[in-house]
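**Q**
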Amino acid sequence: MLVLTAVMLGACAKNIVVETIFPEPVIQSLPLNIGIHLDTVLTQYTYTEDLPNDIEWSFDLGQANKKLFDGIFTALFDITVPVNGNGGPDPIYAPLDAIITPTIEAFEFSLPRQSHSEQYSVWIRYNLHIYLPDGSLITKYPVSAYGQSDSRTFGASAAMEEAVIMAMRDAAASIVMGFAEEQKIKETLLSDEDSS
Amino acid sequence: MIKHLQMGWPNIAIIAIGKILTASLVLAITLSGCMTTRVEESKNNSTGILNHESIVILETSYHAGNETEDEFVDCISKKVQKGRSGINVYSDEQFADVMFPWFEPRTMPRTPEALPALFERPGLTERLNDSGVRYIIWITGDTEKSASGGSLACAISPAGGGCFGLGWWQDDSSYKAAIWDIRAGKSAGEVSTDVQGTSVIPAVFIPIPLIARTKSAACKGLANELQTFIADEGPL
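Okay, structure coming up:
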């Protein structure tokens, strides 16, 4: 009986593993040498929510996060180097202009019945922690992203995955458009570029 | 050897019900609810398209409140390519990928005046030339149920089942296509369609749905008008 119950409950759960390839952004890179710190919290990120009167939804964004940030930062900066920390006395940080550590601050989703629409919707709030090579924090750059997908075109799982992918692409668009315009980043990292 | 088949009342009843169901199905397929269609066009500039050029059909951004169904855009894309006046259509998903991230819902241009500045960005003009896309078609609109009424009741018992009554609803499919000429960097004009239709389900024992397929009619009307709009070179 317990086994049967477990099997029935398992059948009522949706597990979304986000598998996609993000296109290479068409942008001009910034003349910066940046260390990219993708920690395991980000690259193994999962989110689970058991909705009242509904099924359990779980999301695995880990590999997609890695592909997203590797792709954006490789296109956005002249040189990128993977690092394992946020800067400090270690000489490996010395040649870098800055270190970026992205984090996920929040993940939310809604179903068509909740929004009274035909859309599956996803909100993701990333935060880019930007450090100088000595480890001091320059700024935290928040990135709010939104994606939605039509429930009439896909099945529930495929529509939800598409909404997550759209939200991650939205995050990429937001970073590409706004990174060089952020005041602290502009003052600290790009002031030489402005004056030249 | 001749095998005699005796048909009792249950078999006759099954055949009769089968015939009624078949007739209902045929009626439902051949008949449809009544619809009224309005198609409008306004042309600002001359158009025309070469054999090696194509168009891309995109939904305007959901950040701007647009709720156009993906399936409608797919339908338009397929129909515009068909027939003697068929036009090459570049995949919307592929276009968003090759232009990434400048045609995402957050970043896509909202007016044709934004095109020249957008294509000044490094690399974008080369990608556009490689794609062969000459026109961007922006679709807005959706299909909504505007009214409904009537009463339809169904019952089932060990002796059989059936329905009685009349149910109806009205759908309104309203869509607009804005045509941007990328080469000229300005709007070529607009085509719009509005299809209203009433679907009815009368039922005396067997319900016969007479469905007004307004979205399908809007797709066909808009696609045909788009073909003419783009292929005809002169302004109206």
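Protein chains in written order, with the working numbering: chain R, 1 to 196; chain A, 1001 to 1236. Backbone N, C-alpha and C fix where the C-beta goes; we use that ideal spot for every residue, glycine too.
1. So, for ILE1002 of chain A: in the same chain, excluding its five sequence neighbours on each side, which residues have a beta-carbon less than 7 Å away from its beta-carbon?
2. Quick check on the burial criterion: 16 or more other C-beta atoms within 10 angstroms. Buried or exposed for VAL1056 of chain A?
3. Can you list, in chain order, the residues of the region 151-174 of chain R whose Cβ is nearer than 7 Å to any Cβ on chain A?
4. Would you report the Cα separation of GLN28 of chain R and ARG1106 of chain A, rounded to the nearest angstrom?
5. DSSP three-state call for SER1085 of chain A: helix, strand or coil?
6. For TYR1175 of chain A, go through chain R and note every residue whose CB falls closer than 7 Å to its CB, in chain order.
7. Per DSSP, what are the beta-bridge partners of ARG1183 of chain A in this structure?
8. Going by the CB atoms, is the gap between ILE1139 of chain A and LEU1114 of chain A shorter than 7 Å?
9. Report the residue from R:GLU56, R:ILE92 and R:ALA64 whose alpha carbon sits nearest the alpha carbon of VAL164 of chain R.
10. Hey, TYR131 of chain R and LEU137 of chain R: beta-carbon distance below 7 Å or not?
11. How would you list, in chain order, the residues of chain D whose beta-carbon sits under 7 Å from the beta-carbon of VAL176 of chain R?
12. Can you give the Cα-Cα distance for LEU42 of chain R and THR1198 of chain A, rounded to whole angstroms?
13. So for LEU1226 of chain A, helix, strand or coil by DSSP?
14. Comparing alpha-carbon positions, which option in R:LYS186, R:LYS184, R:ILE36 and R:LYS14 lies nearest LEU51 of chain R?
15. For LYS1215 of chain A versus SER1146 of chain A, is the C-beta spacing smaller than 7 Å?
16. Got a sec? Which residues, its chain only, sit under 8 Å from ASN84 of chain R by beta carbon, not counting five neighbours each side?
17. What span of residues does the beta strand (DSSP E) with ALA13 of chain R cover, start to end?
18. Would you say PRO197 of chain R reaches chain A, if we count a Cβ-Cβ gap shorter than 7 Å as a contact?
19. Would the beta-carbon of GLY62 of chain R fall within 7 Å of that of TYR45 of chain R?
20. Tell me whether ALA1117 of chain A is buried or exposed, calling it buried when 16 or more other Cβ atoms sit within 10 Å of its Cβ.
**A** With the given structure in hand:
1. Residue mapping note: residue 1002 of chain A aligns to position 2 of the second sequence, counting from 1. Residue confidence is low: ILE1002 of chain A scores 38 on pLDDT, short of 50, so the model does not pin down where it sits. No coordinate-derived value is stated.
2. Looking up residue 1056 of chain A in the second sequence gives position 56. Buried, since its Cβ has 16 or more Cβ neighbours within 10 Å.
3. ARG152, THR153, ARG169, ASP170, ALA172, ALA173 and SER174
4. For the purposes of this step, residue 28 of chain R is identified with residue 28 of the first sequence, where counting begins at 1. For the purposes of this step, residue 1106 of chain A is identified with residue 106 of the second sequence, where counting begins at 1. Cα-Cα distance, rounded: 19 Å.
5. Looking up residue 1085 of chain A in the second sequence gives position 85. Coil.
6. Numbered from 1 along the second sequence, position 175 holds the residue referred to as residue 1175 of chain A. Correct list: empty, because the minimum Cβ distance to chain R is about 15 Å.
7. Counting from one through the second sequence, the residue named residue 1183 of chain A turns up at place 183. None, per the DSSP bridge assignment.
8. Stepping through the second sequence from its first residue, residue 1114 of chain A is reached at position 114. Stepping through the second sequence from its first residue, residue 1139 of chain A is reached at position 139. Looking at the sequence provided, one finds Ala at residue 1114 of chain A rather than Leu. For ALA1114 of chain A and ILE1139 of chain A, no; Cβs fall outside 7 Å.
9. Stepping through the first sequence from its first residue, residue 164 of chain R is reached at position 164. If we check each option's Cα against that of VAL164 of chain R, R:ALA64 comes out closest.
10. Stepping through the first sequence from its first residue, residue 131 of chain R is reached at position 131. Stepping through the first sequence from its first residue, residue 137 of chain R is reached at position 137. Against a cut-off of 7 Å, the Cβ pair of LEU137 of chain R and TYR131 of chain R comes out as a contact.
11. Among the protein chains of the structure shown, namely R and A, there is no chain D.
12. The sequence position of residue 42 of chain R within the first sequence is 42, counting from 1. The sequence position of residue 1198 of chain A within the second sequence is 198, counting from 1. Whole-angstrom Cα-Cα distance: 52 Å.
13. Position 226 of the second sequence, counted from the first residue, corresponds to residue 1226 of chain A. It is helical.
14. The residue you call residue 51 of chain R lines up with position 51 of the first sequence. The candidate whose alpha carbon is nearest that of LEU51 of chain R is R:LYS14.
15. For the purposes of this step, residue 1215 of chain A is taken as the residue at position 215 of the second sequence. For the purposes of this step, residue 1146 of chain A is taken as the residue at position 146 of the second sequence. It is not a contact, given that the beta carbons lie outside the stated cut-off.
16. What you label residue 84 of chain R is simply residue 84 of the first sequence in a count that begins at 1. So the list reads HIS37, once near-sequence residues are dropped.
17. Residue numbering aside, residue 13 of chain R sits at position 13 when the first sequence is read from its first letter. Per DSSP, ALA13 of chain R belongs to the beta strand (DSSP E) from 13-17.
18. What is shown of chain R runs 1 to 196, which leaves residue 197 of chain R out entirely.
19. Against the first sequence, residue 62 of chain R aligns to sequence position 62. Against the first sequence, residue 45 of chain R aligns to sequence position 45. Cβ distance < 7 Å, so GLY62 of chain R and TYR45 of chain R count as in contact.
20. The residue given as residue 1117 of chain A occupies position 117 in the second sequence. Burial call: exposed.
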